[in-house]
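What follows is a short report on a single structure.
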Amino acid sequence: DAEAMRILNQGTMNRTTASTLMNRTSSRSHAVFMLNLRQTTRSAEGVDVTSTSRFTFVDLAGSERMKKTGAEGERAKEGIKINEGLLALGNVINALADEDRIARGEKVHVPY
Numbered sequence: 008d009a010e011a012m013r014i015l016n017q018g019t020m021n022r023t024t025a026s027t028l029m030n031r032t033s034s035r036s037h038a039v040f041m042l043n044l045r046q047t048t049r050s051a052e053g054v055d056v057t058s059t060s061r062f063t064f065v066d067l068a069g070s071e072r073m074k075k076t077g078a079e080g081e082r083a084k085e086g087i088k089i090n091e092g093l094l095a096l097g098n099v100i101n102a103l104a105d106e107d108r109i110a111r112g113e114k115v116h117v118p119y
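All letters in the sequence shown, in the order written, are residues 8 to 119 by the working numbering.
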């Protein structure tokens, strides 16, 4: 759909990028794009049937190694924040995927 592509392009243009030694246009931000689709069809019996789907696209800024990127000043601060965000996300995913504790019926703290 043209509207979805326009919104995706607008979001892409608003993302922060900067040059590092490893990547000329390094993404300095995470992005989430959610696309909700709804389709209604009429069955042979004349009953409307609605199907819905949600697609979630996630683009995470990559983890940063200061020595490899040569980041200094603001770029270094951004790199630290990117790494903190990725660490927090990893902690959330690990908590949600802790099947052993969930199977034992234990409460799992999701650090969010």
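C-beta: ideal position from N, C-alpha, C; glycine also.
Entirely enclosed alpha helix (DSSP H) segments - the segment 33 to 81, minimum 4 residues: 73 to 76
Same chain only: Cβ atoms within 8 Å of N98, ignoring 5 sequence neighbours per side: Indexing the sequence shown from 1 puts residue 98 at position 91. Within the same chain, N98 has close Cβ partners P118.
DSSP beta-bridge partners of T24: Along the sequence shown, read from residue 1 onward, the residue named residue 24 stands at position 17. Answer by DSSP bridge pairing, in chain order: S34.
Beta-carbon gap between R22 and A9 smaller than 9 Å: Start at 1 with the first residue of the sequence shown, and residue 22 comes out as number 15. Start at 1 with the first residue of the sequence shown, and residue 9 comes out as number 2. No.
Minimum Cβ-Cβ distance from L94 to chain B less than 9 Å: This model lacks chain B altogether; it includes just one protein chain.
Selection from N16, M41 and L103 that minimises the alpha carbon distance to R61: Your numbering for residue 61 matches position 54 in the sequence shown. Out of N16, M41 and L103, M41 has the C-alpha closest to the C-alpha of R61.
Identity of the residue in N101, G80 and A110 nearest A25 by Cα: Your numbering for residue 25 matches position 18 in the sequence shown. Nearest of N101, G80 and A110 to A25, Cα basis: G80.
Beta-carbon separation (whole angstroms), T59 vs R45, contact threshold 8 Å: Sequence index remark: in the sequence shown, residue 59 carries index 52 (1-based). Sequence index remark: in the sequence shown, residue 45 carries index 38 (1-based). Right, their Cβ atoms sit about 5 Å apart.
Boundaries of the alpha helix (DSSP H) in which E106 is found, first to last residue: Position 99 of the sequence shown, counted from the start, is the residue given in the question as residue 106. First-last of the alpha helix (DSSP H) with E106: E106 to A110.
Cα-Cα separation between M20 and S36, rounded to whole angstroms: As a first step, residue 20 must be located in the sequence shown, where it is residue number 13. As a first step, residue 36 must be located in the sequence shown, where it is residue number 29. Using only the alpha carbons, I get a separation of about 12 Å.
Own chain, CB closer than 8 Å to H116, minus 5 neighbours either side, in chain order: The count along the sequence shown starts at 1 and reaches residue 116 at position 109. A102, listed in sequence order.
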